[in-house]
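What follows is a short report on a single structure.
Residue numbers (our numbering): 480 to 682.
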């Protein structure tokens, strides 16, 4: 864990907050698209760790930008993100990855809800312009949609007030994709579904 200071807070959408941090370690380390970082959150006289997606990392300015989706009901992480302000000091882990881009893939498919959209869009932006890409991202409505890298086609679908857990809206949209013949790579994040043996998966 390293020390950092909040230098900017911005509400990107009604349910998404962007928090930019600065610290000496961010000028030294490197990170990959879709990275995440654990943050120490003060609660009940102690601390808990909550993990957030890295939206941007700038070694020149030694800054790291997180994007945090507010959940309802909100836990310690959501309350921290809603209340954090410029000047707040905190402890944060260095960026790390659970998923990374496969540069050898014939085509790339990106699937997820609003929490997953943050890391998936950073991956989409990192691909070369010639890469063959497909994307389906789900939100509660148009106001929660995020900007998409230039030249990339992403289908946004809306579930309304329903829960993202087991949402049929996203599954239907993925099954409707017209994908090329042959294998590609799918990056699926933030999606919780029940899988029944004998039935097909997402794609």
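Built from N, CA and C at the ideal position, the CB exists for glycine as well.
Checklist entry - Nearest-angstrom Cα distance between residue 581 and residue 655? => result 24 angstroms
Item to check | Inter-stretch contact (C-beta, 8 angstroms, three-pair minimum) for the region 616-635 and the region 493-510 | outcome: yes
Item to check | Those residues which DSSP pairs with residue 619 across a bridge | outcome: According to DSSP, residue 619 bridges with nothing at all.
Checklist entry - Would DSSP call residue 517 helix, strand or coil? => result strand
Checklist entry - Is residue 597 helix, strand or coil by DSSP? => result helix
Checklist entry - Is residue 671 helix, strand or coil by DSSP? => result With a pLDDT of only 47 at residue 671, under 50, the local geometry of the prediction cannot be trusted, and the value read off the model is given with reservation. If DSSP states are grouped into helix, strand and coil, residue 671 belongs with coil.
Checklist entry - Beta carbon of residue 572, beta carbon of residue 517: below 7 angstroms? => result yes
Item to check | Endpoints, alpha helix (DSSP H) assigned at residue 591 | outcome: That residue, residue 591, is in no alpha helix (DSSP H); its beta strand (DSSP E) goes 587-591.
Checklist entry - What number of angstroms, rounded off, separates the C-alpha of residue 497 from the C-alpha of residue 524? => result 26 angstroms
Next on the checklist: Based on DSSP bridge pairs, tell me the residues matched to residue 614.
Outcome noted: 589
Item to check | CB-CB length for residue 589 against residue 666, believed under 8 angstroms | outcome: 5 angstroms
Item to check | C-alpha distance - residue 521 paired with residue 507, whole-angstrom precision | outcome: 27 angstroms
Checklist entry - residue 525 lies in the beta strand (DSSP E); which residues open and close that run? => result 525-537
Checklist entry - Under a three-way DSSP split, which group does residue 682 fall into? => result At residue 682, the pLDDT of 37 sits below 50, so the modelled position is not reliable; the number obtained from the coordinates is stated separately. DSSP places residue 682 in coil when its eight states are reduced to three.
Checklist entry - Just to confirm, are residue 499 and residue 564 a CB contact at a threshold of 7 angstroms? => result no
Item to check | Inter-residue CB distance, residue 574 and residue 510 (contact presumed, cutoff 8 angstroms) | outcome: 4 angstroms
Next on the checklist: With H, G and I counted as helix, E and B as strand and the rest as coil, what does DSSP make of residue 603?
Outcome noted: helix
Item to check | Own chain, CB closer than 6 angstroms to residue 536, minus 5 neighbours either side, in chain order | outcome: 510, 543
Next on the checklist: Quick check on this structure: which residue in 669, 650, 612 has the alpha carbon closest to the alpha carbon of residue 663?
Outcome noted: 612
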